[in-house]
Amino acid sequence: MLIDTHAHLQMDRYDNDREDVIARAAEAGVECIINASFDLPSSQQAVKLAEDYEKLYATVGVHPHDAKLLDNETLNALRDLAEHPKVVAIGEIGLDYYRDLSPRSAQKSAFEKQLRLAAEVDLPVIIHNRDAHEDTLEILRGHADQVCGVMHCFSGDIAFADDCIQMGLYVSFAGPVTYPKSYQLRDVAAHVAWDRFFVETDCPYLTPQFKRGKRNEPSYVKAVAKKIAEIRGTTFPEVARKTTSNARAFFGIAD
Ligand SMILES: [Zn+2]
Ligand SMILES: [Zn+2]
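Here it is as structure tokens:
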């Protein structure tokens, strides 16, 4: 059994067949799906889905792309949502210097505010970091005592992974680990300690190689776990067992 620790099933790309997508995930052995949010409406939708489906959980937060929208009213609404028993993290939050859709100063400020929110409501954080390794770590360092986090869809080399883990962070692997050219990522997947990582799809994005070009979905997280088993020279059930128990502990999801 697996947990897809980062999906976006609240997006309208699933409006026509969401039920089927969730059923296919269960058939593929995905026992829980955590829908990560990126703004206030998606946070509200993720919570609603978690209410409708027993195996779905939610995170609430504002993505760096929309950091400029995080005003006090939004922050208060997120705080209220975070009290919901099926909200298991604040996220996705962080820095994206690749697309720079919000000014970097706004990204940093939104990241800081939501890290403080996570500490306040006692939830871990899902971190989105793209081409912002140094600033992401620097900001996290200021909150390392209060907040536990995961670098979702990890990108970077072994040295950066070591820096993250030394700070107490987890790393999470998605579809790119299956792409032929992802040599560096596979080195990281071979290197990271067993108790520090889990798996995700980030669907509808980042579809694993076997369905590349198509819309991604939680059942495909199996392809990510199988690739990691191959990279680490172990079995798929072993990867499933470890990543699921890591994710359960991190998000506080009981068996
Ligand atoms: Zn992300
Ligand atoms: Zn995402």
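According to my numbering, the sequence shown holds residues -11 to 243 in order.
Where is the CB? At the ideal position from N, CA and C, for every residue including glycine.
Please read these numbers as outputs of a predicted model, since none were measured by experiment.
Below 8 angstroms between beta carbons: does that hold for Ile153 and Val113?
To locate residue 153, count along the sequence shown from 1; it is residue 165. To locate residue 113, count along the sequence shown from 1; it is residue 125. No, these two residues do not count as a Cβ contact at 8 angstroms.
Give me the pocket residues for ligand 1, defined as CB within less than 6 angstroms of any heavy atom, sorted by chain position.
Qualifying residues, in the order they occur: Glu80, His116, His140 and Cys141.
Per DSSP, what are the beta-bridge partners of Thr47 in this structure?
The count along the sequence shown starts at 1 and reaches residue 47 at position 59. Residue pairing for Thr47: DSSP places it in a beta bridge opposite Ala77.
Assuming Leu(-10) is part of the beta strand (DSSP E), what are its boundary residues?
If you number the sequence shown from 1, residue -10 lands on position 2. Segment Leu(-10) to Ala(-5), the beta strand (DSSP E) holding Leu(-10).
Confirm, please, whether the CB-CB distance from Leu125 to Gly137 is below 8 angstroms.
Within the sequence shown, numbered from 1, the residue matching residue 137 stands at position 149. Within the sequence shown, numbered from 1, the residue matching residue 125 stands at position 137. Contact flag unset, no.
I'd like to know whether the C-beta atoms of Val50 and Gln102 end up nearer to each other than 8 angstroms.
Working through the sequence shown from its first residue, we reach residue 50 at position 62. Working through the sequence shown from its first residue, we reach residue 102 at position 114. Contact flag set, yes.
Does DSSP classify Gly163 as helix, strand or coil?
Translated into the one-based positions of the sequence shown, residue 163 becomes position 175. When secondary structure is reduced to three states using DSSP, Gly163 falls in the helix class.
Looking only at C-alpha atoms, which of Lys74, Ala177 and Arg1 sits nearest to Thr222?
Along the sequence shown, read from residue 1 onward, the residue named residue 222 stands at position 234. The candidate whose alpha carbon is nearest that of Thr222 is Ala177.
Taking C-alpha atoms, which residue in Ala11, Ala38 and Pro225 lies nearest to Ala246?
Since the first and last residues shown for the chain are -11 and 243, residue 246 lies out of range.
Under the criterion of a Cβ to heavy atom distance below 7 angstroms, does Trp151 qualify as lining ligand 2?
Mapped onto the sequence shown, residue 151 falls at position 163. According to the sequence provided, residue 151 is Asp. The question's Trp does not apply to it. Result no, Cβ not under 7 angstroms from ligand 2.
Cutting at 8 angstroms between CB atoms, please list the residues of its own chain near Ser207, excluding the five before and the five after it.
By one-based count along the sequence shown, residue 207 stands at place 219. Same-chain partners within the cutoff: Val9, Arg12, Ala13, Glu15, Ala16 and Val18.
Taking a contact to mean a Cβ-Cβ separation below 8 angstroms, would you say Ile81 touches Ala235 in this structure?
The count along the sequence shown starts at 1 and reaches residue 81 at position 93. The count along the sequence shown starts at 1 and reaches residue 235 at position 247. If you check the CB distance, Ile81 and Ala235 do not come in under 8 angstroms.
Is the beta carbon of Ala24 within less than 7 angstroms of some heavy atom of ligand 2?
Position 36 of the sequence shown holds residue 24. At least one heavy atom of ligand 2 is nearer than 7 angstroms to the Cβ of Ala24, so yes.
Can you tell which of Val35, Glu122, Val48 and Lys36 has its C-alpha closest to the C-alpha of Ala149?
Here residue 149 refers to the residue found at position 161 when the sequence shown is read from its first residue. Ranking Val35, Glu122, Val48 and Lys36 by Cα distance to Ala149 puts Glu122 first.
Taking 8 angstroms as the threshold (C-beta atoms), are Val165 and Lys215 in contact?
The residue labelled residue 215 in the question sits at position 227 within the sequence shown. The residue labelled residue 165 in the question sits at position 177 within the sequence shown. For Lys215 and Val165, yes; Cβs fall inside 8 angstroms.
Please name the residue, chosen from Ala228, Glu7, Leu57 and Arg104, that lies closest to Phe185 on a Cα-to-Cα basis.
Here residue 185 refers to the residue found at position 197 when the sequence shown is read from its first residue. Measuring from the Cα of Phe185, the nearest candidate turns out to be Ala228.
Three Cβ pairs or more, each shorter than 8 angstroms: is that satisfied between the region 49 to 69 and the region 86 to 102?
At 8 angstroms Cβ cutoff, the stretches touch.
Among residues of its own chain, excluding the 5 on either side of Ser143, which ones have a beta-carbon nearer than 8 angstroms to its beta-carbon?
Numbered from 1 along the sequence shown, position 155 holds the residue referred to as residue 143. Within the same chain, Cβ atoms closer than 8 angstroms to the Cβ of Ser143 are found at Asn117, Arg118, Pro164 and Leu173, the five residues on either side in sequence being excluded.
Jot down the residue ranges of each uninterrupted alpha helix (DSSP H) in the region 138 to 197, minimum 4 residues, whole runs only, in chain order.
The region 138 to 197 contains these whole alpha helix (DSSP H) runs: 146 to 154 and 171 to 179.
Could you pull out every residue in the same chain whose Cβ sits closer than 7 angstroms to the Cβ of Gly156, ignoring the five residues on either side in sequence?
On the sequence shown, residue 156 is found 168 positions in, with the first residue counted as 1. Excluding sequence positions up to five before and after Gly156, its CB lies within less than 7 angstroms of the CB of Ala132 and Cys136, all in the same chain and listed in chain order.
Nearest to Leu58 by alpha carbon, out of Lys202, Tyr41 and Phe26?
Here residue 58 refers to the residue found at position 70 when the sequence shown is read from its first residue. Considering only Lys202, Tyr41 and Phe26, the residue with the shortest C-alpha distance to Leu58 is Phe26.
Taking only heavy atoms of ligand 4 into account, decide whether any of them is closer than 7 angstroms to the Cβ of Asp27.
The model on display carries ligand 1 and ligand 2 but not ligand 4.
With distances taken from CA atoms, which of Ser233, Phe239 and Phe238 is nearest Met(-11)?
Locating residue -11 in the sequence shown gives position 1, where the first residue counts as 1. It is Ser233 whose Cα lies nearest to the Cα of Met(-11).
Alpha carbon of Glu218 to alpha carbon of Asn64, nearest angstrom:
Counted from its first residue, the sequence shown places residue 218 at position 230. Counted from its first residue, the sequence shown places residue 64 at position 76. The alpha-carbon atoms of Glu218 and Asn64 are separated by roughly 45 angstroms.
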